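Have a look at the structure below, then the notes.
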Amino acid sequence: MSSAFSLPPNTHAPVPVARIVDTDRYDGTNPDVTMTSPTGLAEYTNANYFSTDTVFTTDDYPYPSWESVNHTVIRVQDPRNEADDVHREYLVKMHHGDTSYRLCTAPVLYGQVPETVDYLAPILDENVYGDYAERLIPRAVSYSAGLLKYFFRGTLELKLPPDGVYCFRPDEPADPRTQGFDRVSLYVRNTTDTGEQMTGGSIDLVVKYRFLTDDPDAQDPRPAARDPFAQYTPENLPALSDPLYIVKKLDDRTDHQIPLSEPVLIEFDLSDDQIPLWAVDVSFSVVYRGRLGGGEHGHVVEEGAVCVGYNDVAEPTPLYVVNDTDTVCYNDEWRRASDLDDVTPTMITHAYIRFSEEGQPRDATVEQGGHIHSFLNLDPGRYKRVYLLSDYRYNQSVHYVYHLAGESDVFSETATFLRQSIRSGIFYDQDSDALTRHYPVLDTFRNVTFWNMFYVHNPDVCTLDTCPGDCDYHDNPYELTQTE
């Protein structure tokens, strides 16, 4: 059906959807075109089937004609005695368009009198209607799908903005069940495959999310929401709440344009209805309502079109930046660096964080635009935690400036890695054709349970002739302290 929509418009019915009914290809003399080219539903049925008042009325409807059929005898169930079969004569359509189905019953005197006599009266019985249904119902479903596809033909692509995250939070909210991310930024591009333009409309954001909860039937799941950054096992994994939604208009304007060539950066203010930090199973939809049409092919402009873009984004994910240089693996034993003369802690004076799209890694820098967040003075034994909402895979970069304790020489380092966000919720698995539950398996470093961590640490020190092996960081007994 998609090729029917691409036909030049009819001046009397210029909207492309009219081509579902009539493509102007069948003109009453060429029934074979209904099988070799996309045609409208009215054309196909007119050329290949009867209704009760069009049986062989060749003056008004040239096809199907007497020349389109072959006579055959078929055994069918006796309508007066279901236990028996009877022979019934049918006219099977074998020429001129669609073929190989019972078109109608054969008249009683078929073949014995001229076909033009008035008392030849074929009928459409239940077996004929059954053959019709076998062909017409699938075609009707296909046309209906084409109709739905047409009305929702306008599509949007949602991608990460230049900052590499949709949302970012540099600190802890007072209530993670109701507070979290108050701004969503994303790139939006018109990806309508017909090339039609979005030249003026409103734009809305729909955020869907759930909570982890022990009471999935609660009308309001917020009070019973569980911490998604805690460690769970399959045995104690909380249930998922019913979906909750945030619907936010960009503004009151109705003249927004979304181009085909380049994405446009859109930022939604969610300060009055934030995405909770404890949200899981998060997804975004952007809805454009307005004019759709025009373009290179001169499509008719539709007013009030609805165009939707969807992205199953990742879940809120914490990043820990840790200064681990207050401890050291010394002769295979965890020790305080301050207790050792030959180990010097690192004093981090400035740190800069940057995120970027997978496949396009960008290093964090001190310049404006080279980082999304910065902070000062991460002393040994302390950590900074920030939160992001991005794609499931993204690049993370940390640039930090430091000096060794008691020394004045200043150094800097940059580390950029590909990272994975937290995935928590119910997802369709294509390989198994089933819905599967995903949840993160977290790790522990000193007293911190984490998913994603960047840490600066001391190299191991061995003053013995041999050291059996490296220290296991899980065994480090010294606690870290969070910095503001």
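Counting in my numbering, the sequence shown runs from 8 upward without gaps.
Positions of the beta carbon are idealized from the N, C-alpha and C atoms, including for glycine.
Keep in mind it's a predicted model, so treat the numbers as computed, not measured.
Item, Value
"Select from 221, 228, 409 and 225 the residue whose C-alpha is nearest the C-alpha of residue 243.", "221"
"What do you reckon, are the CB atoms on residue 334 and residue 462 nearer than 8 angstroms?", "no"
"Can you tell me whether residue 100 is buried or exposed? The criterion is at least 16 other CB atoms within 10 Å of its CB, across all chains shown.", "buried"
"The alpha helix (DSSP H) with residue 52 in it runs from where to where?", "48-55"
"Identify, in the order they occur along the chain, each residue of the same chain with its Cβ nearer than 7 angstroms to the Cβ of residue 183, setting aside the five sequence neighbours on each side.", "283, 284 and 285"
"Which stretch, first to last residue, makes up the alpha helix (DSSP H) that contains residue 158?", "133-158"
"Considering Cα atoms alone, identify which of 248, 199 and 289 is closest to residue 298.", "199"
"Hey, residue 295 and residue 104: beta-carbon distance below 8 angstroms or not?", "no"
"So the candidates are 371, 427, 352 and 350; which of them puts its Cα closest to the Cα of residue 358?", "371"
"Return the first residue and the last residue of the beta strand (DSSP E) that residue 293 is part of.", "287-301"
"Go through its chain and collect everything with a Cβ distance to residue 387's Cβ below 6 angstroms, but skip five positions before and after it.", "330, 332, 333 and 352"
"So residue 206 packs on residue 264, CB below 8 angstroms; how close in whole Å?", "6 angstroms"
"Drop a sphere of 10 angstroms on the beta-carbon of residue 87, count the other beta-carbons inside from all chains shown, and report buried for 16 or more, exposed for fewer.", "exposed"
"From 379, 272, 454 and 245, pick the residue whose C-alpha is nearest to that of residue 433; which is it?", "245"
"Comparing the CB of residue 381 with every heavy atom of the ligand FMN, is any distance shorter than 7 angstroms?", "In terms of ligand content, the structure shown is empty, and the ligand FMN therefore cannot be addressed."
"For residue 205, which beta-bridge partners are listed by DSSP?", "265 and 299"
"Pull up the DSSP beta-bridge partners for residue 306, would you.", "301"
"Specify, as a first and last residue, the run of the alpha helix (DSSP H) that residue 468 falls within.", "Taken as a continuous stretch (DSSP letters only), residue 468 belongs to no alpha helix (DSSP H), as it is neither H nor E."
"Where in the region 51-100 do unbroken runs of the beta strand (DSSP E), each at least 3 residues long, occur, reported from the N-terminal end onward?", "76-85 and 88-100"
"Distance check for residue 481 and residue 399, CA to CA, integer angstroms please.", "26 angstroms"
"Short of 7 angstroms in beta carbon distance, which residues of its chain neighbour residue 44, apart from the five on each side in sequence? Order them along the chain.", "32"
"Just mark residue 9 as buried or exposed, buried being the case when its beta carbon has 16 or more other beta carbons within 10 Å.", "Annotation note: pLDDT 49 at residue 9 (below 50); position unreliable, coordinate value reported separately. Counting Cβ neighbours within 10 Å, residue 9 comes out exposed, since fewer than 16 surround it."
"Going by other Cβ atoms of all chains shown within 10 Å of its Cβ, with 16 needed for buried, is residue 85 buried or exposed?", "exposed"
"Quick test of your reading: residue 408 and residue 327, contact by CB under 8 angstroms. State the CB separation rounded to the nearest angstrom.", "That belief does not hold up - the Cβ atoms of residue 408 and residue 327 are roughly 19 angstroms apart, past 8 angstroms."
"Quick one, are the C-beta atoms of residue 405 and residue 177 less than 8 angstroms apart?", "no"
"How is the beta strand (DSSP E) around residue 172 delimited, first residue to last?", "No beta strand (DSSP E) holds residue 172; DSSP gives it neither H nor E."
"In whole angstroms, what is the alpha-carbon distance linking residue 338 and residue 453?", "19 angstroms"
"Suppose contacts are defined by Cβ-Cβ distances below 8 angstroms. Is residue 102 in contact with residue 74 by that definition?", "yes"
"So the beta strand (DSSP E) residue 41 belongs to, where does it begin and stop?", "Unbroken run through residue 41 is the alpha helix (DSSP H), 40-43; no beta strand (DSSP E)."
"Decide if residue 136 is buried, meaning its Cβ has at least 16 other Cβ atoms within 10 Å, or exposed.", "exposed"
"Going by the DSSP bridge assignment, what does residue 379 pair with across the sheet?", "DSSP output for residue 379 lists no bridge partner at all."
"Excluding the five sequence neighbours on either side, which residues of its own chain have a C-beta within less than 7 angstroms of the C-beta of residue 460, listed in chain order?", "327, 329 and 452"
"Residue 360 and residue 385 - do their beta-carbons sit closer together than 8 angstroms?", "no"
"Residue 262: buried (16+ other C-beta within 10 angstroms of its C-beta) or exposed?", "exposed"
"Looking only at its chain, what residues have a beta carbon closer than 7 angstroms to the beta carbon of residue 483, apart from the 5 residues adjacent to it on each side?", "334, 341 and 453"
"Return helix, strand or coil for residue 397, following the three-state DSSP convention.", "coil"
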